[in-house]
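Reviewing the structure listed below.
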Amino acid sequence: MSILSTSLSALRVSQRVLETTSHNIANVNTPGYSRQRVNIGTQEPSRFGFGSVGNGARINGIQRIYDQFLGAEVTNNISEYNRLDAFAGLAGRLGNLMNDPESGLAANMQSFFAAAADVANDPASISAREAMLGETRVVVERFNQMSSQLGALDQEVNARIAQDVRDIDGLGKAIADINDQIALAGGGNGARQPNDLLDKRDQLVDELASKVAITTSEQDDGSLNVFLGSGQVLVIGGSNSTLTTQSDPNDPARLTVQLGLEGGRVDVSEAISGGSLGGLLDFSREGLDTARNQLGQIATAFALDVNQRHGNGMDLDGNLGGNFFALAGPTVLASGNNTGGATLTATIADLAALDADDYRVRFDGSNFTVNSEQTGASVAFTGAGTPADPLVFGGVEVVVTGAPAAGDDFTLRPTANAAGSLALAVNSGREIAAAYPVRAAADGSNTGSGTIQIDGITDRADPALLNDMEIEFLDATTYQVNGAGSFSYTPGDAININGYDVVLSGSPQAGDRFNVESNVGGIGDNRNMLGIGELANQGLLDGGRATLNDAVGTLVSQAGISGREASRGLQAQGALLEQSQIRELEVSGVNLDEEAANLLQFQRSYEAAAQMIAVADSLFATLINAVRR
Amino acid sequence: MRVPTAMYYQQSASLITRLQGDLQQTQLQIASGRRILNPSDDPVASAQLSSIESALKQNDQFQRNSNLATSRLSVEEATLTDVQNALFRVRDLVIQANNDTQTSESRRFIAVEAEQILGQLVELGNRRDGQNNFLFGGFQSRTEPFSVDNNEVRYNGDQGERRLQIGPSRFVRDGDSGAAIFMNIPNGNGQFVTTAATANTGSGVIDAGSLNGQSTWDGSTYEIRFTADNAYDVLDGGGALVSSGSFEPGDAIDVPGAIVNIDGAPAAGDSFSLGPSATTDIFETVQNFVNSLRTAVPGGTGSAQLHNRLNNVLSDLDQGVGNVLDVRATIGSRLQAIASQEDSNADFDITLQTTRSQLQDVDYADAISRMNLQLTSLEAAQQTFARIQGLSLFDVI
Chain A
1035 MSILSTSLSA LRVSQRVLET TSHNIANVNT PGYSRQRVNI GTQEPSRFGF GSVGNGARIN
1095 GIQRIYDQFL GAEVTNNISE YNRLDAFAGL AGRLGNLMND PESGLAANMQ SFFAAAADVA
1155 NDPASISARE AMLGETRVVV ERFNQMSSQL GALDQEVNAR IAQDVRDIDG LGKAIADIND
1215 QIALAGGGNG ARQPNDLLDK RDQLVDELAS KVAITTSEQD DGSLNVFLGS GQVLVIGGSN
1275 STLTTQSDPN DPARLTVQLG LEGGRVDVSE AISGGSLGGL LDFSREGLDT ARNQLGQIAT
1335 AFALDVNQRH GNGMDLDGNL GGNFFALAGP TVLASGNNTG GATLTATIAD LAALDADDYR
1395 VRFDGSNFTV NSEQTGASVA FTGAGTPADP LVFGGVEVVV TGAPAAGDDF TLRPTANAAG
1455 SLALAVNSGR EIAAAYPVRA AADGSNTGSG TIQIDGITDR ADPALLNDME IEFLDATTYQ
1515 VNGAGSFSYT PGDAININGY DVVLSGSPQA GDRFNVESNV GGIGDNRNML GIGELANQGL
1575 LDGGRATLND AVGTLVSQAG ISGREASRGL QAQGALLEQS QIRELEVSGV NLDEEAANLL
1635 QFQRSYEAAA QMIAVADSLF ATLINAVRR
Chain B
-15 MRVPTAMYYQ QSASLITRLQ GDLQQTQLQI ASGRRILNPS DDPVASAQLS SIESALKQND
45 QFQRNSNLAT SRLSVEEATL TDVQNALFRV RDLVIQANND TQTSESRRFI AVEAEQILGQ
105 LVELGNRRDG QNNFLFGGFQ SRTEPFSVDN NEVRYNGDQG ERRLQIGPSR FVRDGDSGAA
165 IFMNIPNGNG QFVTTAATAN TGSGVIDAGS LNGQSTWDGS TYEIRFTADN AYDVLDGGGA
225 LVSSGSFEPG DAIDVPGAIV NIDGAPAAGD SFSLGPSATT DIFETVQNFV NSLRTAVPGG
285 TGSAQLHNRL NNVLSDLDQG VGNVLDVRAT IGSRLQAIAS QEDSNADFDI TLQTTRSQLQ
345 DVDYADAISR MNLQLTSLEA AQQTFARIQG LSLFDVI
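Chains A and B, in that order, give the protein sequences. If you use the numbering used here, the first sequence corresponds to residues 1035 to 1663, in order. If you use the numbering used here, the second sequence corresponds to residues -15 to 381, in order.
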């Protein structure tokens, strides 16, 4: 009489299916949950001579509906999406920080030059001079502010790198723990799959992938091994390697990522890619350093070129112009791993040759090598590093003092600190050197048509700069200087005397005299300020090809474009990610209508099974009643 | 296709969010009138905008410089008109004083007026602009350019001339130094100067003369010496005889390279000389005029001496007036250059503004039709979501 046991098996099966259905319904909104299905089979039949009689149904297992290939695709897409997300967010902020057409750097520098033109228009006016100092302070502040904003961004990036590394470390540990539980619960295969644990682990793996790109491989016992970047082990079975951050020996302000292995720590910064950590490291290397150096390059060219011209002039009180701006020179960082005692000193030598690269100077025991930090490319240089013959590359001169040891590393940042350290060095409007230090005049009794002009100051340090100088013509084609010599006269040629160029033109007569004297009191003179104003439209950077304005344009558009590219990539990657998630969900997600149908289906079969028990009962009763008498 | 319930909600929500984001972007564009809300929307155009802003600012500055140069040159022009009028008045006085009908007394009155005009000229030379700078001091704009010392006017300025930038590569001088206007003026007729010897006893009066057959005076000196009251010799600088001739009053006398006229009746032994022009200045010329009148002696010889000296003053004065006129002419051409540069700056300004507007301004027709489209899709998405999410099998069991 197997009706009863058969019906009971049907009741049990229906009950389990209903339970699983309610589990599915309960987890309809649980992230990472894969719907579960009860696999039902027939019980072993009872065999008789005439054949087999079925013994009802039984549960073969409860399976989660999950496609591991779709899952792996999602994992990969998550890594790339989060890399782009981190990069695009930061690059977009960098672009906006760099670029503000109305209050940006270009506008501020233009205001500076406009104020310089106002001084040139009325050099005697103290108010115009003070206004120029005011505009200069605005430019200086703008440089400082941009530099500190970049610094803040840098700190934020470092903090986020540290946070990501801590998160990755924690996730590695969590995955190792769950590996243990899965192995204990009976592994990844077979009927006893720990479905919910597997879901949880898949979710942890996705979360890990959002931080850093990983590869995984599943073991026979159901545990999952996780590898970083180019194959560095993060999790094997139930154990995980620790991941920590540490200051870069070449630059204490920068973080490296260290993987703890049995033999010690290994720097895996270069190997890591993908995920938000990869995006942060990319941004730190490509976006931030380049922007800071370009900004510094502009600040350096601007300040030093203005200083140079300003130094050639004379201020209201008859003093030669001092420095208009103060700023820090190149930074050289010696690696913490260096064993030699050498220090490097770098100075800016050629503003037009200066670029936005950082350099790694390495001593191999007998020679120096120079590589660009940004591109890694080898950089050609001249010189031996002595004060008389410094190493010259990229617009800087480097002097080595002390003895380097083989393998010593130095990081050279020619412009990294320029924008942040820029300051105004002039204290009052009177110190602005708008005039040339000397003035020229044709003698009042000259009979010829000769004219004289100062063409430019070539050496402000010339001791005779401010001395009186007289050119007297011996005849129409020869002249003497300060009563001595005899030089032949070519109209329009510059004559270099006492640190300046004078140009004579026209037809002087014998006995005509031309004088140059100190310009003390020449407070209406604007010649030097016109020279400073000319800087606005001169090619000061990039080998003389780029004006300050061009350079600012390059800076802002580069920052903007890399943000733009990343955000376009992010959109595309977002769509890819969504598609792969949809495909995964289509397989694994819970559909309530489907569950409702299951509910009805197994409710009915439960009722039928219960009815079967009633039938069996009535069969019994019939039989018992039949044999009672 | 299976549609998991959670996915349906997620997807609908993310679709609606995206549509709302797009709509808000369009709405902000329309409200602000700008196509580019953040530089990151269009980094290249933003960088272009930033350089256009700079160019606009620079162009504005050129216009301001032009205005300033125009106003300074106008002030100078007005001052030079005054100078010129004063010199014309002196010229009238010279001609008046040169008239033989004048008495010593009337000439003294003329001298008084001329002296007053001299004072006025010094004052004009020391005129200041609105910023308290001297107009004619050269670079030394806070040092009084002209000072009078013992009837002699000295120039204390220099020959500096300031230039203002009125275009990308165009500079204009915003003034002239006092040296260029008042000082360093060649005397005589500008090429050579004629003088009568002070020891002359006749009443011969020489004019300023003119060049004959050459364009510039070669720098030599000649002497016309009367051997009798109707005969003369022309001697060169070394005293060698060049030519001789007979003389009638009013005759033109040929000297190598020049022609001079001598009027009146020179006496035997009288001499007149020609030499290259030296430089004088306007003040000295007027002072010479005053001195000539003050020291005039009545009588035939004295009167001839006065005429000769006044003739010199007159020619020097004409050189001075000519110089002022030349400077005024250059002011006129500078003002014209500024005006044409201002026009071209204004054109450039319009070009820049047009480009800026093309780069940053929103195209309203496009933006509004885009907004309508986005509104329609958002409404459709919301309505279908509401309809579909209401369908559930659980409602009917």
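Heads up, the beta-carbon is just placed ideally off N, CA and C, and yes, glycines get one too.
Between the options, which lies nearest to residue i when the distance is taken from Cα to Cα?
i, options, result
"V1260 of chain A", "A:L1238, A:R1343, A:T1278", "A:L1238"
"A1333 of chain A", "A:V1173, A:G1271, A:G1429", "A:V1173"
"D1211 of chain A", "A:I1529, A:P1471, A:L1232", "A:L1232"
"Y1523 of chain A", "A:G1573, A:A1510, A:N1516", "A:A1510"
"N272 of chain B", "B:Q42, B:A98, B:K41", "B:A98"
"G1313 of chain A", "A:A1044, A:D1502, A:F1082, A:G1603", "A:G1603"
"S1520 of chain A", "A:E1190, A:V1536, A:E1506, A:Y1470", "A:E1506"
"N82 of chain B", "B:I381, B:Q342, B:L298, B:Q344", "B:L298"
"A1469 of chain A", "A:I1658, A:N1560, A:D1203, A:T1064", "A:N1560"
"A994 of chain A", "A:G1129, A:N1063, A:F1121", "Residue 994 of chain A lies beyond the stretch modelled for chain A, which goes from 1035 to 1663, so this question has no answer here."
"I1096 of chain A", "A:E1114, A:L1131, A:N1111, A:H1057", "A:H1057"
"Q124 of chain B", "A:N1532, A:Q1572, A:V1108, A:R1473", "A:R1473"
"G1330 of chain A", "A:S1257, A:S1483, A:A1585", "A:A1585"
"N1133 of chain A", "B:D26, B:G221, B:A(-10), B:F176", "B:D26"
"G1428 of chain A", "A:A1437, A:G1436, A:T1416", "A:T1416"
"L1361 of chain A", "A:S1181, A:N1229, A:A1150", "A:S1181"
"F231 of chain B", "B:A249, B:L225, B:S50", "B:A249"
For residue i, which residues of its own chain have a beta-carbon under 6 Å away from its beta-carbon, when the five flanking residues on both sides are left out?
i, result
"R1163 of chain A", "V1153, G1463, I1466"
"I266 of chain B", "F166, G304"
Using DSSP bridges, identify the partner residues of residue i.
i, result
"N1259 of chain A", "A:S1251"
"Q1280 of chain A", "A:T1290"
"R209 of chain B", "B:D217, B:S255"
"E1551 of chain A", "A:R1473"
"D1230 of chain A", "DSSP output for D1230 of chain A lists no bridge partner at all."
"P170 of chain B", "B:T263"
"I243 of chain B", "B:S194, B:D238"
"I1534 of chain A", "Note on residue identity: the sequence assigns Tyr, not Ile, to residue 1534 of chain A. Partner(s): A:I1491, A:I1531."
"S1539 of chain A", "A:T1485"
"V1515 of chain A", "A:I1505, A:A1518"
For residue i, collect the residues of the same chain with a Cβ closer than 8 Å to its Cβ; drop the 5 residues on either side in sequence, then sort them by chain order.
i, result
"Q1292 of chain A", "L1277, T1278, T1279, Q1280, R1299, V1300, D1301, V1302"
"L362 of chain B", "I0, L3, Q4, L7"
Would residue i be called buried (16 or more neighbouring beta carbons within 10 Å of its own) or exposed?
i, result
"Q32 of chain B", "buried"
"A1648 of chain A", "exposed"
"I79 of chain B", "exposed"
"S397 of chain B", "There is no way to answer for residue 397 of chain B, as the model of chain B reaches only from -15 to 381."
"V218 of chain B", "buried"
"A1287 of chain A", "exposed"
"T368 of chain B", "exposed"
"Q1102 of chain A", "exposed"
"E1114 of chain A", "buried"
"Y1067 of chain A", "buried"
"L1634 of chain A", "exposed"
In chain order, what residues of the same chain lie with their CB nearer than 7 Å to the CB of residue i, ignoring the 5 residues before and after it?
i, result
"P129 of chain B", "G109, N110, F118, F120, G121, Y139, N140, G141, G162"
"N1516 of chain A", "M1503, E1504"
"V74 of chain B", "A98, I101, V270, F273, L301"
"G1309 of chain A", "S1113, N1116, R1117, A1243, S1244, K1245, V1246, A1247"
Using 7 Å as the cut-off, classify the Cβ of residue i as near or not near the heavy atoms of the ligand GDP, replying yes or no.
i, result
"R1598 of chain A", "In the structure on display, the ligand GDP does not appear, and there are no ligands present to speak of."
> Could you give the uninterrupted runs of the beta strand (DSSP E) lying entirely in the region 1363 to 1414 of chain A, keeping only those of 3 residues or more?
Replying inline: 1365 to 1368, 1377 to 1382, 1393 to 1397, 1402 to 1406
>> As an exercise, report each continuous alpha helix (DSSP H) stretch of at least 4 residues that is fully enclosed by the region 1436 to 1510 of chain A, in chain order.
In response: 1452 to 1455
>> Could you tell me which whole beta strand (DSSP E) segments of length 3 or greater appear in the region 248 to 300 of chain B?
In response: 255 to 260
> Residue ranges of each alpha helix (DSSP H) run of no fewer than 4 residues wholly in the region 79 to 127 of chain B, ordered along the chain?
Replying inline: 88 to 109
> What are the uninterrupted segments assigned as beta strand (DSSP E) that are 3 or more residues long and contained completely in the region 1056 to 1119 of chain A, given in chain order?
Replying inline: 1070 to 1076, 1080 to 1082, 1085 to 1087, 1091 to 1098
> Enumerated in chain order, which unbroken segments of the beta strand (DSSP E) with a length of 3 residues or greater are wholly contained in the region 14 to 57 of chain B?
Replying inline: none
> What runs of the alpha helix (DSSP H), each 4 residues or longer, lie entirely inside the region 1321 to 1366 of chain A?
Replying inline: 1323 to 1345
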